[in-house]
Amino acid sequence: MAELNIAQALNGALDTALSADDRVVLLGEDIGRAGGVFRITDGLRERHGAQRVIDTPVAESGIVGAAFGMAVAGLRPVAEIQFLGFSYPAYDQVVNHVARIRNRTNHRFTAPMVVRIPFGGGIGAAEHHSESTEAVYAHVPGLKVVVPSTPRDARGLLLAAIEDPDPVIFLEPIRLYRAVKEDVPEIYYKTDIGPIRVERTGTDISLISWGAMMKETRQAATSLEQSGISVEVIDVRTLTPLDRDGIVASVSKTGRAVVVHEAPLTGGFGAEISATIAERCLYSLQAPVARVTGWDTIFPLKRSEHHYLPSVDRIVSAAERTLEE
Amino acid sequence: MAELNIAQALNGALDTALSADDRVVLLGEDIGRAGGVFRITDGLRERHGAQRVIDTPVAESGIVGAAFGMAVAGLRPVAEIQFLGFSYPAYDQVVNHVARIRNRTNHRFTAPMVVRIPFGGGIGAAEHHSESTEAVYAHVPGLKVVVPSTPRDARGLLLAAIEDPDPVIFLEPIRLYRAVKEDVPEIYYKTDIGPIRVERTGTDISLISWGAMMKETRQAATSLEQSGISVEVIDVRTLTPLDRDGIVASVSKTGRAVVVHEAPLTGGFGAEISATIAERCLYSLQAPVARVTGWDTIFPLKRSEHHYLPSVDRIVSAAERTLEE
Amino acid sequence: MFNLINPDGSVRDRLPVTLDEMKDLYAAMVEARAYDDKSMAMQRQGRLATYAPFRGQEAAQIGAGAALRPGDWVAATYRDAALNWMAGYPWRLLILGRTGDERGGQVPEDVYVLPPSITVGGHMIHAVGLAWAEKLKGSSRIALTSFGDGATSEGDFHEAMNFAAVYELPTVFLCQNNGFAISYPTVEQTRTETIAEKAEAYGMPGVRVDGNDVVAVMVAVKEAAQRARSGKGPSLVEALTYRIGPHTTADDPGRYRDEAEVTLWEEKDPLTRVRRLLERSGAWSLQWQQTLETQASQGIESAVAWAEAIPIPEPGTLFTRMYAEPTPPLLEQAGEATHG
Amino acid sequence: MFNLINPDGSVRDRLPVTLDEMKDLYAAMVEARAYDDKSMAMQRQGRLATYAPFRGQEAAQIGAGAALRPGDWVAATYRDAALNWMAGYPWRLLILGRTGDERGGQVPEDVYVLPPSITVGGHMIHAVGLAWAEKLKGSSRIALTSFGDGATSEGDFHEAMNFAAVYELPTVFLCQNNGFAISYPTVEQTRTETIAEKAEAYGMPGVRVDGNDVVAVMVAVKEAAQRARSGKGPSLVEALTYRIGPHTTADDPGRYRDEAEVTLWEEKDPLTRVRRLLERSGAWSLQWQQTLETQASQGIESAVAWAEAIPIPEPGTLFTRMYAEPTPPLLEQAGEATHG
Ligand SMILES: Cc1ncc(C[n+]2csc(CCOP(=O)(O)OP(=O)(O)O)c2C)c(N)n1
Ligand SMILES: Cc1ncc(C[n+]2csc(CCOP(=O)(O)OP(=O)(O)O)c2C)c(N)n1
Ligand SMILES: [Mg+2]
Ligand SMILES: [Mg+2]
């Protein structure tokens, strides 16, 4: 066990995977010498060689497309895209090739690969560095979309993603990279892709989120608990395949739900969760599901960021309104 | 007035726009000499010249990126992408540039342009020719996403899109291109981008859809009406900005809703509509909203297409279940 | 432009193939043409989905295929059935795929051919990744990617060429320049005279060969493959040829080209010139020709019969094809799909 | 490589500029450096978001800017503040943008500079579209796009170059080859010796110039611009230079390069060599230098003061910036955002 933050847990997981399995290779911009823009691959090139921790030209489609070819030929590539806002040049490769090869070939060829992408705002970054467009990946059949929010899950889910026989989009919450530490086992362990994690159990209301917004969601839960409300906190962790049963079980019990995400409201993944709850828990729902999300705007630059990011207050108010009904 | 199908109405609208406004230019693969793979631009090169109806190399990012530059410099480009499945190489241009320029420059530069894209399955086409990924555009702030399903709307919405000061993704339902004819005024008229179209009014249940699935939705409505059910049929027409009020008004009245789309269930735009209804009509809802959608699979090839496409039967059954509750 | 056999069947130089090898190449082209003709006919009868004929491009594809070794990877396009077949993709599966059945993509275990790429350009980098994996594994397998002139306009062409060059990967880039990207002529797609010279922008050798000369193509691709196999990195081979048929069965070439141009190219037919060469060598007879054609058409017919006898996929297979194990949402949906 | 002024200030050839023009170019470089230094300092103080310094690249940017005419379009990058300023983008708006305020992108009406592109590569094709519009309108305005060596690896570079060449558009492609894409050295990005030679793959002229020689850059870009303006189509100019500072304030160059290399390039400093040239011509004095520096820093300071005095945007502006008219969903959300 070691006390690690998410960045360290991810670095450790990659190190472990490279050591455990010869087929694992890492590729991406600046991941070698520089150790990645967030230092997630720090030291790995030194330890595992430039053949397996590969610096690439600035060409996202090339990175993902090459990783795809490697995966089809039996390797276990882990590609890094520097920010979610830079993943779109590779969107065609992801949607039209990576996600489809098993289907196209009736299992003959597969793409067991991971695309790691830091995402989310709140660090005062430049344009395109703050997006949360997980929904445009979660809508693509053939992918799995995974989002850890704790150091333990970061390690366990990343090792599971690398072992997964299908392609995984692995989204890393930038704002949490170095925000919290927890004990992370050093052994090789996997966290199942799929099931939600019930982080706190409660009976009055379910707060449901993922990624960096788990931070505000936890804070909101604590604040609500101080007013005597019993809050269930759910970290969705896997957007696809979505654990509908887990979410429905929670809301069937509490009768109320607030879904929180950073992405714009319209067409965000919260819509899927809200719709699922309403469709499946209509008769146990005691109030409409509330969505607390980013606005339908471009993620703003530093000076306006706080106007955009869903705040603890907004979550608490939404929960209170939900509880009043 | 002339009896036109959607393909003809679109061709006429482009012709009208080219005649009415010097700034309008068309660009895309095979739109000139060949008149487009669906012949939507047939005859326009002859009539308006190769300078304004431009055949381009096979390079979707280039097409959209060049159209963007043209729009910023004051033209009104209308780009064609041959199929929605080929739009992803341009996704970066759309999301990171087209949708953002007004915001980035606080209105100084804008991108008044249209990207026309045929979409949807059911014609036994090859891979990538049948997708309905409207949701990945509808989630992008800064765009408008428009989907006509009738010849009149096709003309009116396309002329409105070309005049719109903001970028419009204009999705054309392939399956309906030549399916129906109706009288289409030859004058220059616009259909508002935004409002839903209530195609039939009714009191028992709202069937909500867009694009090619309007066909099955209409058939389902007719079939339900034969059993004495009063059906309201809504053609959403504009996915963003979404006319939430229009949808809520309908379901507040009927108390029941079925949302129909061809795209996969998870993260489809139906989620946004279902969530909106449940969030805003919870107390008038007499049954859970039902979504009848494509499965969470790749759109299959010809032999399995009928297993995938939502059928009239599925819509009718979903409506019946909804009515039983 | 590198060529060896003239349209009249005379040769420029001593051919680096035996007469028997020459006959085999010819037989392969005859078989490929039988497949192409049959596919066109079937499509007209509504038995196949849209079909992209390769008539006129047989030499480019058979020549390239003949240059490969078992185990080499191939990532090619919707128009490359003959190449894919040479690399081991059975006709029956190609046909099954064209009837609109995903199982057509399930090539046998010892065949290393990706299913035909429908999107233009995206598959070139796959060959780069395949080659990269082989290089890292220390194998001597290479990857060949075939694509059209139109595909060289896509950004993915650039990225694939650059990656292959930068990492010195055993990749062969084969461009079949057939004069058009659907209706858009190659001469308008780019301002260079040739596609081959674009290789220089990647520090990679590029050669233009007569794509209607099966031996010239074979030799050029073999050289490129040899280079790749010996660790010297990628090359680009441009096979200059012509699409005699329409782009696909949905296309009307009358809109964008003159019949005269087609006639000109029909005179350079890749099969005819080899037949003339064999005639000159006394190695051709009408009887042999008829035998070849009969065998070819029997082979194709039985492949067609096999493919058409395959029952259409069960609805359930939609769900089981998506992941190694169907996910819970898919299991739920599969239930709905099969029980209503 | 085309150059005119040596690092020691001696000249290779008669310079096509007057002494006064030379002094103006120098003054511009001094001012640009003042901006760059100030920005670095402000970022360290937390007053600016991440900053990408251009120290060492002043000649490339000022030289290119000096080659343009009013009304020409510029589509450049996050590192091109000096170029953008030369094209009319006021320092104060550049600073406002770097404090994290979208209004920094709202250049004055008569300035035709797009806001700095943060994504690598995507903006080159915008210049192509801008140039295309001007060509269709029959104007004599051209578009210049500036980008780094790293950007040439993106597929969008390829598509932009090809479109510009195919349609003979008045576009100038300026590549500032500064040795690195973040940590990845140019020599590893591609197998060609130069970026300039890649132009051949598009049938376009390409030239490499000494990017630390302000006059050489100006001359080369002027020629390219002239070519464009006279309807002869696009060109590529590679300005060979070096990034003296870190990639951005978030970068640690110690991880990937030797200080010795930096020192080598500091000796080729673009300002120093012009100063030496002016000294040789007797046109430089310490007093003049001090005046320049004082004026520059006053200008920058007042721009900073202006930008920092701008109140942060109202929450409501998030919603009004999105479309010509806020859409109903945005109006609803704006209500929620401002009234809770
Ligand atoms: C990304 C993408 N864009 C557009 C298309 C539509 N399309 C199919 S084939 C084709 C032309 C390709 O020309 P070329 O590469 O020369 O190959 P050819 O068909 O001549 O063999 C186009 C534009 C596609 N399949 N994929
Ligand atoms: C599409 C995209 N991918 C990755 C990045 C991250 N990134 C920012 S700058 C940079 C390197 C660019 O190098 P170069 O083009 O040489 O410009 P320089 O920074 O040297 O001026 C990278 C990879 C980005 N901004 N956009
Ligand atoms: Mg072609
Ligand atoms: Mg650089």
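Chains as they are written, first to last, in this note's numbering: chain V, 944 to 1268; chain S, 944 to 1268; chain B, 617 to 956; chain W, 617 to 956. C-beta: ideal position from N, C-alpha, C; glycine also. These numbers come from a predicted model, not from an experiment.
Residue interval of the alpha helix (DSSP H) (run including residue i)
i: L710(W); result: W707 to R714
i: S701(B); result: Looking at the sequence itself, residue 701(B) is Trp, so the reference to Ser does not match. Element bounds for W701(B): A697 to M702.
i: Q1025(S); result: Q1025(S) -> no alpha helix (DSSP H), and no H or E assigned at all.
i: I1044(V); result: I1044 to R1047
i: R1264(S); result: V1255 to E1267
i: D1188(S); result: R1187 to T1197
i: R1223(S); result: F1212 to C1224
i: L934(B); result: T933 to T936
i: V920(B); result: L902 to A925
i: E601(B); result: It is not possible to answer for residue 601(B), since the shown part of chain B is limited to 617 through 956.
i: T1183(S); result: No alpha helix (DSSP H) holds T1183(S); the beta strand (DSSP E) holding it covers T1181 to T1183.
Selected residue, minimal CA-CA separation from residue i, among the options
i: E619(W); options: T936(W), A925(W), R889(W) and L908(W); result: Sequence inspection shows Asn at residue 619(W); the Glu mentioned does not correspond to that position. Looking at the Cα atoms, R889(W) is the closest of the given residues.
i: L760(B); options: M777(B), K753(B), T857(B) and T787(B); result: T787(B)
i: E1074(V); options: H1204(V), A950(V), V1089(V) and G979(V); result: H1204(V)
i: E1159(S); options: T1183(S), P1231(S) and V1235(S); result: V1235(S)
i: I1220(S); options: A1261(S), L1150(S) and S1170(S); result: L1150(S)
i: T1134(S); options: L1208(S), H991(S) and S1092(S); result: S1092(S)
i: G1099(S); options: T959(S), T1240(S) and S1254(S); result: T959(S)
i: G819(W); options: W900(B), T806(B) and D826(B); result: T806(B)
i: L1167(V); options: I1148(V), D1178(V) and M1156(V); result: I1148(V)
i: P1207(S); options: Q951(S), G1171(S) and Y1251(S); result: Y1251(S)
i: A952(S); options: I1130(S), P1032(S) and D1107(S); result: I1130(S)
i: K753(B); options: L785(B), G737(B), N828(B) and L730(B); result: L785(B)
Any non-hydrogen atom of ligand 6 within 7 Å of residue i CB
i: F796(W); result: The model depicted lacks ligand 6 and carries ligand 1, ligand 2, ligand 3 and ligand 4 instead.
Residue(s) in a DSSP beta bridge with residue i
i: G971(V); result: D998(V) and E1023(V)
i: S762(B); result: L790(B)
i: S733(W); result: T693(W)
i: L853(W); result: The residue asked about is misnamed: residue 853(W) is Val in this sequence, not Leu. According to DSSP, which records beta bridges pairwise, V853(W) is partnered with L790(W) and V823(W).
i: F1062(V); result: P1116(V)
i: E1175(S); result: S1149(S)
Terminal residues of the beta strand (DSSP E) in which residue i lies
i: N948(V); result: A945 to N948
i: R896(W); result: R896(W) -> not in any beta strand (DSSP E); alpha helix (DSSP H) instead, spanning P886 to R896.
i: R1234(V); result: A1233 to G1237
i: E1205(S); result: A1200 to P1207
i: S756(B); result: Per DSSP, S756(B) belongs to no beta strand (DSSP E) and is neither H nor E.
i: I1006(S); result: That residue, I1006(S), is in no beta strand (DSSP E); its alpha helix (DSSP H) goes E1003 to V1015.
Stretch pair the segment 1051-1058 of chain V + the segment 1101-1116 of chain V: three plus CB contacts closer than 8 Å: yes
Every unbroken alpha helix (DSSP H) inside the segment 1068-1156 of chain S [4 residues or more]: 1078-1081 and 1094-1106
Stretch-stretch touch, CB-based, cutoff 8 Å, three pairs: the segment 1099-1109 of chain S with the segment 1244-1254 of chain V: no
3-residue-minimum beta strand (DSSP E) runs that sit fully inside the segment 765-841 of chain B, ordered along the chain: 787-793 and 822-826
Beta strand (DSSP E) runs contained entirely in the segment 630-694 of chain W, provided each spans 3 or more residues: 689-691
contact_flag[the segment 999-1013 of chain S, the segment 679-686 of chain W] where n(CB pairs < 8 Å) is 3 or more: no
Stretch-stretch touch, CB-based, cutoff 8 Å, three pairs: the segment 1024-1040 of chain S with the segment 1080-1099 of chain S: yes
Three or more C-beta pairs below 8 Å linking the segment 1208-1225 of chain S and the segment 1212-1228 of chain V: yes
Touching by the beta-carbon criterion (3+ pairs, under 8 Å), the segment 768-775 of chain W and the segment 710-728 of chain W: no
Contact the segment 967-977 of chain V vs the segment 1023-1034 of chain V: 3+ CB pairs below 8 Å: yes
Cβ pair count under 8 Å reaching 3, the segment 858-866 of chain B against the segment 665-678 of chain B: yes
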